[in-house]
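Order-wise, the sequence lines are chains A and B.
Per our numbering: the first sequence = residues 4 to 356.
Per our numbering: the second sequence = residues 9 to 387.
The structure under discussion appears below in the form of structure tokens.
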Amino acid sequence: MDAGIVSSTAPSSAAVTTPRHAARPVAGRLDGVRGVLPAACVIIVALVLGARSSTHFLDAGALLLHTGRYVEIGLLALALTIVIINGDIDLSVASNVAVSAAVLAIAYRGGAPIAVACMLAVLTGLVLGLVNGVLVAVIGLPSLVATLGTLAAYRGISEILLGSDYIGDFPDSFAEADRVTLFGTSAQRPLPLPLVVLLLTAAAFGFLLQRTNFGLRCLLTGSNSAATRFSGISTWRVRLQAFALSGMMAGAAAVLIASRLSSVSAGIATGMELPAITVVVLGGTSIFGGRGSILGTVVALFAVMAVREALAINNVQGETQDAVIGLILIASILVPRTVTRLRSRLVRRRVHT
Amino acid sequence: MSGHWKRLGRFTIVATLALAAASCSSDDDKGATTTASSTTTAAPSESTSAASTVDTTVASSTAASTDTTADAPSGETLQVVYIPKDTSNAYFNPILEGMQQEAAGLNMEVTEVGPASAEASSQIEFIDAAIQQGVDAIAISPNDPETVVPSLKRAMEAGITVIAVNSDMNPEGRQIAILPVDFSKMSDFLLKLTTDVTGGAGDFAILSATVNAPDQSAWIDGVNEALDAGKAPDLKLVDTVFGDDDADKSASETEALLTSYPDLKAILAPTAAGLPAVAQVLSNSSQKGKVQVTGLALPNSMKSFVEDGTVKEFGLWDPKTEGVVAAHLIAGLIDGSITAKAGSFDVPGLGSREINADTQVIADEFLVFDADNIADFDF
């Protein structure tokens with residue numbers, strides 16, 4: 004599914020012997036596989052604990068159906084991986100979903116065919132993403148502040164567009180697409196449509212990051228923006244493109260969420276940026292940029308899902324679940340940092356003796 | 009950069025093996041895998057294939073538990089999940105209390121689980137988990153009338169009894185809805201509160217929620233109609249202002265009312281977020297006692313103002329009654345003595361309750377809180 008698997012066979016000693024900074028972009032590609040390990044660990048712990056605490060937990064059919072709730076987070080996280088590799092952040096993704104979903108619903112209510120409404124949603128997401136990109140990459144605002152601003156602004160727009168309305172009554176062909184399953188026999192179709200969408204999109208993003216010049220430029224931009232600029236790569240364009248991608252995926256997530264809920268309201272997708280960013284960072288992508296992998300993001304998505312599902316089956320209250328996700332976010336930044344520091348201290352000691 | 013990942017990797021593998029070993033040691037019947045494959049979907053899942061050893065362990069216990077439920081369906085304790093709008097709002101505690109009070113006598117076990125925020129889609133994962141657990145019934149106070157409908161439809165398809173408690177929703181998503189009171193009588197109730205505190209004569213003003221809050225707008229229209237019809241001939245509504253359910257805005261609007269209308273006898277605030285703010289302003293004002301305050305609010309938010317004499321009485325209802333009715337309704341729907349169509353049923357201790365044409369049940373009458381009874385309520 005991901006080119007990262009292939010490159011994992013490359014000798015890791017090469018990365019160790021070459022100077023760290025020079026190796027970074029290459030290491031970025033290699034880290035794909037190692038970055039998966041913490042998330043894989045989380046999956047296994049969550050599955051074991053979930054299974055030991057509830058006999059109902061390991062129900063493959065139920066868990067597969069529940070992936071619908073996480074696919075939207077996954078789509079946001081895939082594009083966020085690129086944004087974060089660039090050294091930026093996009094906090095506005097969930098609010099962007101809300102505006103895109105509002106446009107979809109209003110266009111449909113206004114008489115547009117549902118397919119056109121969906122395209123308008125993706126287009127809206129793209130435009131809002133470009134706005135972020137212009138603010139950050141062209142004007143030069145810090146992405147943290149700029150997208151915190153658009154987080155509030157976009158949510159405000161969705162509230163202005165929808166007020167206290169619920170727009171629903173979508174056609175049957177569109178509503179509840181997360182119930183549509185594919186492959187297998189007519190009685191047993193194991194794969195829900197959104198999951199297939201996610202895996203295909205992930206493959207595309209994996210290709211984009213690992214096998215295209217754009218991907219290489221992102222890794223370079225994130226590891227050393229100034230050096231990359233001096234070597235003739237227009238880093239602003241790379242960053243703008245990443246924000247545009249992020250917006251487009253928000254539009255796509257809006258289509259899926261509108262379909263899954265069969266209705267759209269102004270508060271849709273509130274707080275979805277937290278799990279999306281958690282997934283990216285837990286997947287081994289460095290929050291400081293320059294390093295990351297799509298495979299890691301995908302595995303981390305299933306890790307977050309496994310944790311939430313294990314907590315939910317045990318009737319753990321929502322606030323505790325949110326706290327656990329927040330702690331995982333902190334831990335996934337803290338643990339690699341601490342390990343790196345301990346290691347460098349050990350190395351230094353070895354040099355001194 | 010690569011070295012520490014390698015170490016982390018090694019740790020991960022060790023930890024994984026340790027956990028897998030721990031789970032396997034509790035499993036002594038590997039033969040159960042074959043029976044289990046029929047109960048769980050034979051679907052290749054990323055998660056289960058990643059930990060096939062774990063799958064074996066648990067699949068066997070799943071099979072075992074399925075057997076026991078199949079053997080004795082009638083004697084089983086009914087498993088009921090109550091999902092409030094959010095778990096931080098004390099209003100929903102009495103509903104759970106009411107359900108749990110009746111649960112013992114109905115061979116029922118009620119668990120409450122819910123989201124941290126009242127965001128519309130945040131209840132869905134708890135519905136999905138309840139379906140996965142195979143509970144007998146879900147009682148839900150829906151955060152909005154539409155978003156949870158697809159999930160609840162799935163619950164009903166799985167044979168789970170679903171009722172809405174405290175607010176109704178799209179009827180496709182529930183069998184019966186329990187409403188706390190007959191909201192069509194709200195305007196009369198508000199006028200009664202105002203009459204009580206003013207003695208039935210004088211100027212009064214209304215502080216509402218927002219300009220287009222649908223419930224409040226309808227109630228205030230009703231109050232106006234009742235006044236026009238001469239139901240309280242000596243009361244005069246001089247102004248209606250909006251606090252936007254925000255404490256600061258409500259407070260400044262209250263201060264403006266006190267300045268603009270020196271003869272004001274009462275402020276009526278039919279919003280639980282607005283009334284405490286109005287009472288707060290008056291409890292610190294020289295007008296305290298001269299201008300009466302009443303309306304709708306949760307008793308806990310008003311206790312201090314009733315104690316210090318700012319507020320004589322205000323109203324709401326007792327959510328606990330909804331819980332009591334809910335428990336009996338669920339038991340009746342499951343044993344077949346109640347069906348989800350117009351009719352009536354008996355709630356021991358409360359009397360008969362009617363199911364109207366919209367398959368709604370009204371749980372109780374309005375309740376007036378004053379210095380004598382407010383200590384009895386905690387929500």
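In this text, a Cβ means the ideal position worked out from N, Cα and C, and glycines have one as well.
All values derive from a computational prediction rather than experimental measurement.
Residue contact with chain B for Thr273(A): present (Cβ-Cβ distance below 9 Å to some residue of chain B). DSSP places Phe212(B) inside the beta strand (DSSP E), whose first and last residues are 210–216. Taking all protein chains in view, the Cβ of Asn151(B) is crowded by 16 or more other Cβ atoms within 10 Å, so the residue is classified as buried. Counting along the chain, the unbroken beta strand (DSSP E) around Asp378(B) starts and ends at 375–378.
Listed along chain A, the residues sitting closer than 8 Å to Val157(B) by beta-carbon distance are Ser265, Ser266.
Boundaries of the beta strand (DSSP E) around Thr248(B): 243–250. By the rule that beta-carbons nearer than 9 Å mark a contact, Glu84(B) does not touch chain A. Excluding sequence positions up to five before and after Ile316(A), its CB lies within less than 7 Å of the CB of Gly53, Ser57, His59, Phe60, all in the same chain and listed in chain order. Take Arg232(A), set aside five residues on each side of it, and the residues of its chain with a beta-carbon closer than 7 Å to its own are Thr238, in chain order. Of the other Cβ atoms in all chains shown, 16 or more fall within 10 Å of the Cβ of Ile346(B); this residue is therefore buried. For Leu68(A), the nearest CB of chain B lies under 9 Å from its own CB, placing it at the interface with that chain.
Just measuring C-alpha positions, the residue of Ile275(B), Asp271(B), Val246(B) sitting nearest Ala259(B) is Ile275(B). Annotated three-state conformation of Asp196(B) is helix, per DSSP.
Closest by C-alpha distance to Phe217(A), out of Tyr157(A), Val200(A), Ile236(A), is Ile236(A).
It is roughly 43 Å from the alpha-carbon of Leu81(A) to the alpha-carbon of Leu86(B).
Of the other Cβ atoms in all chains shown, 16 or more fall within 10 Å of the Cβ of Lys273(B); this residue is therefore buried.
For Asp354(B), DSSP records a beta bridge to Ser360(B).
Where Phe217(A) is concerned, there is no enclosing beta strand (DSSP E), although the alpha helix (DSSP H) around it starts and stops at 216–226. Runs of the alpha helix (DSSP H) lying entirely within the segment 307–336 of chain A and spanning at least 4 residues: none are present. The contact set of Gln368(B) on chain A, defined by CB atoms closer than 9 Å, is empty, because the minimum CB distance reaches about 19 Å.
As computed with DSSP, Tyr73(A) is found in no beta bridge at all. Within chain A, the C-beta atoms nearer than 9 Å to that of Ile132(B) come from Arg72, Arg263, Leu264, in chain order.
DSSP places Tyr90(B) inside the beta strand (DSSP E), whose first and last residues are 86–91. Of the candidates Gln183(B), Pro278(B), Asp247(B), Lys349(B), Asp247(B) places its Cα closest to the Cα of Leu266(B). Cβ contact annotation for Pro284(B) (same chain, cutoff 8 Å, sequence separation greater than five): Ala255, Ala305, Ser309, Met310, Phe313, in chain order.
Short of 6 Å from the beta carbon of Leu243(A), and not among the five residues preceding or following it, lie these beta carbons of its own chain, in chain order: Gly136, Ala140. Neighbours of Pro150(B) in chain A, taken as residues at a C-beta separation under 7 Å, are lacking, since the least C-beta distance is about 11 Å. Counting only runs that start and end inside the segment 301–345 of chain B, the alpha helix (DSSP H) elements of at least 4 residues fall at 307–315, 327–343. Residues of chain B with a Cβ closer than 9 Å to the Cβ of Gly292(A) do not exist; the shortest Cβ-Cβ separation is about 13 Å. Interface annotation for the segment 317–328 of chain A against chain B: Asn318, Gln320, Gly321, Glu322, Asp325, criterion Cβ-Cβ distance under 7 Å.
In chain order, Phe313, Asp316, Thr318 place their CB closer than 6 Å to the CB of Ser291(B), counting only its own chain and leaving out the 5 sequence neighbours on each side. Judged by their CB atoms, Ala155(A) and Ser265(A) are not nearer to each other than the 9 Å cut-off. Nearest neighbour of Lys239(B) by Cα position, chosen from Ser216(B), Gly208(B), Ala264(B), turns out to be Gly208(B).
With respect to Val45(A), Ala303(A) sits close: the two C-beta atoms are nearer than 9 Å. Judged by DSSP secondary structure, Lys257(B) falls outside any beta strand (DSSP E) and instead within the alpha helix (DSSP H) spanning 255–268. At a cut-off of 9 Å between beta-carbon atoms, Ser125(B) makes contact with chain A.
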